[in-house]
Ligand code: GLU
Ligand code: MG
């Protein structure tokens with residue numbers, strides 16, 4: 017018998033669904049080439065499975081029909097074999113029709129068409145990075161950001177960084193965060209689709225490696241009712257397709273943000289309430305959002321403000337000649353219960369509408385007072401509010417295929433119905449188990 021270390025890896029062909037879960041099918045190494053060319057079978061109704069594993073009824077797709085999961089050659093992550101567990105390559109796939117043509121309900125297809133719109137209508141490309149926070153259960157209480165807390169996560173922490181590095185994700189920082197047992201991992205920016213793919217794959221790597229090291233992990237936005245939130249911050253910059261140059265930096269303007277950058281941000285703010293239905297889509301997401309949580313205190317653009325909906329990030333002051341290169345925006349109202357492809361796609365479509373139709377957003381500097389916040393559009397206070405805001409935003413609704421939108425809303429309402437009777441503690445526990 018060969019050991020799992022010598023065996024060829026298993027290939028897991030997967031999609032990230034509307035609840036943000038990774039689902040798919042595996043094939044043996046001998047089938048790899050065939051599957052890369054023609055995919056594996058998939059069921060349309062799988063899109064109507066909610067976060068708790070229930071197929072919403074009635075679902076838009078019924079019991080009939082077939083799709084393919086057609087893997088991308090580049091959206092992959094290899095997990096090394098460990099004792100008794102074979103190596104596994106995760107391939108992210110588009111959900112396509114049987115002939116390989118695009119299926120309009122596929123989240124990856126949604127992002128692809130948003131990227132194409134941005135390029136054809138504005139001549140711009142997105143560069144992005146998703147920054148993730150999560151909790152390792154049963155961690156001792158340690159000082160925030162301490163070496164002791166970082167060491168508590170070993171050997172899982174190094175395994176994670178090494179895995180991301182080996183897969184070309186270019187991890188940048190790995191740190192113990194503010195909360196007990198809370199950690200953060202950041203990776204280098206990449207082009208839009210790659211960045212969203214990496215967000216999905218990074219979560220899979222964290223979960224798998226934690227399990228291999230006997231640790232329990234959760235990305236749930238809030239692990240206990242008054243606890244420190246786990247955010248997903250989406251770092252964004254825009255590049256001119258023709259010149260290849262970044263376009264967000266303008267030293268002559270407020271916050272150093274160019275006119276096009278200000279308009280892009282204005283679009284995100286204008287559709288901000290609807291956006292949260294996609295970016296913060298769990299019943300506990302709204303325990304994380306709100307003033308004084310260092311997550312998002314209101315729907316505004318803030319210069320270096322960690323309570324902004326969209327933050328203008330600092331320039332590297334040591335390199336004024338390179339200021340434009342690293343200058344970027346950060347969308348802070350997302351968490352890991354969201355599908356990264358839908359989040360980035362909607363940010364792009366909102367930003368694009370802003371570029372075309374909005375004046376540049378006001379850049380707030382310094383902390384905002386209660387009375388400042390009261391002048392801003394309301395941040396949804398709950399998932400039902402956010403879903404209602406999405407449905408009320410006729411422009412945003414048109415960005416989605418109607419079947420995709422109806423399925424999304426019914427998946428989210430199914431999740432709400434299942435936790436309706438839970439108190440805050442039980443709700444946090446339930447979501448921590450699932451995410
Ligand atoms: N934990 C905060 C959140 O929920 C973010 C803290 C930070 O700025 O990194 O978004
Ligand atoms: Mg953080």
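Numbering (this note's numbering), first residue to last: 17 to 451. Just so it is clear, CB atoms sit at the ideal spot from N, CA and C, and this is done for glycine as well.
Presumed contact (8 Å Cβ cut-off) between residue i and residue j, rounded CB distance
{"i": "residue 368", "j": "residue 138", "result": "6 Å"}
{"i": "residue 23", "j": "residue 102", "result": "5 Å"}
{"i": "residue 447", "j": "residue 428", "result": "Not a contact, Cβ separation roughly 13 Å."}
{"i": "residue 396", "j": "residue 405", "result": "6 Å"}
{"i": "residue 327", "j": "residue 247", "result": "Incorrect: roughly 12 Å between the Cβ atoms, too far for contact."}
{"i": "residue 314", "j": "residue 392", "result": "5 Å"}
{"i": "residue 153", "j": "residue 234", "result": "7 Å"}
{"i": "residue 63", "j": "residue 423", "result": "6 Å"}
{"i": "residue 245", "j": "residue 309", "result": "6 Å"}
{"i": "residue 172", "j": "residue 214", "result": "Actually they do not touch by this definition, with Cβ atoms about 19 Å apart."}
{"i": "residue 358", "j": "residue 126", "result": "6 Å"}
{"i": "residue 66", "j": "residue 372", "result": "That belief does not hold up - the Cβ atoms of residue 66 and residue 372 are roughly 35 Å apart, past 8 Å."}
{"i": "residue 356", "j": "residue 150", "result": "About 15 Å separates the two Cβ atoms, so there is no contact after all."}
{"i": "residue 109", "j": "residue 29", "result": "5 Å"}
{"i": "residue 325", "j": "residue 285", "result": "6 Å"}
{"i": "residue 250", "j": "residue 408", "result": "With 8 Å as the limit, residue 250 and residue 408 do not qualify as a contact, their Cβ atoms being about 24 Å apart."}
{"i": "residue 16", "j": "residue 332", "result": "An answer regarding residue 16 cannot be provided, because it is not within the stretch 17 to 451 covered by the chain."}
{"i": "residue 25", "j": "residue 104", "result": "6 Å"}
{"i": "residue 143", "j": "residue 205", "result": "5 Å"}
Per-residue burial, residue i [other beta carbons within 10 Å of its own, 16 or more giving buried]
{"i": "residue 295", "result": "buried"}
{"i": "residue 27", "result": "buried"}
{"i": "residue 224", "result": "buried"}
{"i": "residue 254", "result": "buried"}
{"i": "residue 115", "result": "exposed"}
{"i": "residue 279", "result": "buried"}
{"i": "residue 161", "result": "exposed"}
{"i": "residue 90", "result": "exposed"}
{"i": "residue 189", "result": "exposed"}
{"i": "residue 163", "result": "exposed"}
{"i": "residue 323", "result": "buried"}
{"i": "residue 457", "result": "An answer regarding residue 457 cannot be provided, because it is not within the stretch 17 to 451 covered by the chain."}
{"i": "residue 442", "result": "exposed"}
{"i": "residue 196", "result": "buried"}
{"i": "residue 387", "result": "exposed"}
{"i": "residue 237", "result": "buried"}
Helix, strand or coil at residue i [DSSP, three-state]
{"i": "residue 417", "result": "coil"}
{"i": "residue 344", "result": "coil"}
{"i": "residue 172", "result": "helix"}
{"i": "residue 252", "result": "strand"}
{"i": "residue 244", "result": "coil"}
{"i": "residue 291", "result": "helix"}
{"i": "residue 312", "result": "coil"}
{"i": "residue 456", "result": "For residue 456 there is no data in the structure shown, the boundaries of the chain being 17 and 451."}
{"i": "residue 216", "result": "helix"}
{"i": "residue 221", "result": "helix"}
{"i": "residue 227", "result": "helix"}
{"i": "residue 273", "result": "strand"}
{"i": "residue 296", "result": "coil"}
{"i": "residue 234", "result": "strand"}
{"i": "residue 263", "result": "coil"}
{"i": "residue 134", "result": "helix"}
{"i": "residue 336", "result": "helix"}
{"i": "residue 382", "result": "coil"}
{"i": "residue 317", "result": "strand"}
{"i": "residue 350", "result": "strand"}
{"i": "residue 440", "result": "helix"}
{"i": "residue 408", "result": "helix"}
{"i": "residue 400", "result": "helix"}
{"i": "residue 187", "result": "strand"}
{"i": "residue 394", "result": "coil"}
{"i": "residue 268", "result": "coil"}
{"i": "residue 377", "result": "coil"}
Residue i - partner residues in DSSP beta bridges
{"i": "residue 199", "result": "150 and 192"}
{"i": "residue 31", "result": "39"}
{"i": "residue 83", "result": "58"}
{"i": "residue 110", "result": "86"}
{"i": "residue 280", "result": "According to DSSP, which records beta bridges pairwise, residue 280 is partnered with nothing at all."}
{"i": "residue 140", "result": "256"}
{"i": "residue 94", "result": "105"}
{"i": "residue 207", "result": "143"}
{"i": "residue 71", "result": "65"}
Chain D within 8 Å of residue i, Cβ atoms only
{"i": "residue 79", "result": "Here there is only one protein chain, and chain D is not present."}
Decide yes or no for the touch test of the region 126-142 against the region 75-91: beta carbon pairs closer than 8 Å, at least 3 of them. By the Cβ test, the region 126-142 is not in contact with the region 75-91, since fewer than three Cβ pairs between them sit closer than 8 Å.
Would you call the region 257-274 and the region 208-226 in contact, with 3 or more CB pairs under 8 Å? In short, these stretches do not touch, since the Cβ pair count stays below three.
Touching or not, the region 35-42 and the region 55-75, by the rule of three or more beta carbon pairs under 8 Å? yes
Does the structure place the region 379-391 close enough to the region 291-305 that three or more beta carbon pairs sit under 8 Å? no
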